[in-house]
Each structure stands twice: as C-alpha cells, then as structure tokens.
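Worksheet for the structure shown next.
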Amino acid sequence: MFNLLTSPRTARTVRAMIGTVADAVRSVIAPASLAETPAVETVPDPVDALAADELPPVESIEAAAREYERAADQARRADRGKRAAKKVLDKLPAGIYGGWKVFRTPSSRQTPDLAEITRIFKANNLGPVPMKACAPSLKVELVDVAPVGIGTLAGVAA
C-alpha cells in the first residue's frame, strides 16, 4: 500500500492536483498572473514583402490565413497518422501482407555528413564548421480584434 502512495504516477497526480488548486486560488486573487504569453521570436519581413499600398484586401488575407491554418492542421494530423503507421511498418521484413507490398528502396536524397565535416575541419585546424540559419517558419494565428476605424490598415492610421 505504501508503494502505491509513493509511485511516480501518484506523485505526478498529486503535483497536478496541487497545481490545479494553486491555479484556482490565483484565479481569484490575481487572475492576470494566469495569462501566460510566451515570448515569440520574430524575424524581419522578407525583402520582397508588399508595400502598404500594394496589400490585397483584408478579406483576401483573412481567407488565405484561414486556408493556411486549415492546411497546416491537416498536414500535422496526416504526419501524426503517418508516424503511427510507420512505427508498425518499419518493424516488418519486406514482403506482401494482405494486399500491401512492404519494401524499401534507397533514397536519392543526400545530406552533408556533419560528423565527417567536423572531423576534417578539426584535423586541418579550420575552426568551427560554418553554419547558416534555416528559413523562418510562417505562422498564422486567429486573434480577437477590436473594431478599427475606416482607413486603418496594417497598423498605420489614416
């Protein structure tokens, strides 16, 4: 019985209950302390970004953002399903299972062998391996917006 009370699962449950109680108390005493706004690093706009006078109508931008979010969510769900199926299929030897043929082919893609590149740089005293940042990720997020006056667009008041 004592082991049941000291198991990691019980400890997690107790910590979760304490956290819930603490959140409930904070929601009464200081509700603003519960609102977490994680810091999001931003990057500059691309060089070919449209100027304020070239922007399409807000309705078009909203439709594009809505479609982008829908497609991104659909892609995430598809990736999760693909990973789950791959866990099963990766363990199978090549063969025919029901109506499905499972086999492997060599990839035509190549990536740099960073371990070998690092070894060569160290052997020749060339310093650290030069790296460059990846392209920034495009994100969209639905936000509540207060009504704006006529002529206000992209944060510029008329």
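Just add 534 to the spot in the sequence shown (first one is 1) and you have this note's numbering. Ideal Cβ placement from N, Cα and C applies to all residues, glycine included. Small disclaimer: the values here were computed from a predicted structure and weren't measured.
Annotation for lysine 621: the continuous alpha helix (DSSP H) segment containing it runs 592-623.
Given a length threshold of 3 residues, each whole run of the beta strand (DSSP E) inside the segment 632-680 is given here in chain order: 634-636. Between the segment 666-680 and the segment 587-604, the count of Cβ pairs shorter than 8 Å is three or higher; the stretches touch. Exclusion of the five residues before and after leucine 623 leaves Val636 as the residues of its chain whose Cβ lies within less than 7 Å of its Cβ. Straight through space, the alpha carbons of lysine 621 and alanine 628 are spaced by roughly 15 Å. Between proline 580 and the set Leu648, Arg653, Pro670, the nearest pair of CA atoms involves Pro670.
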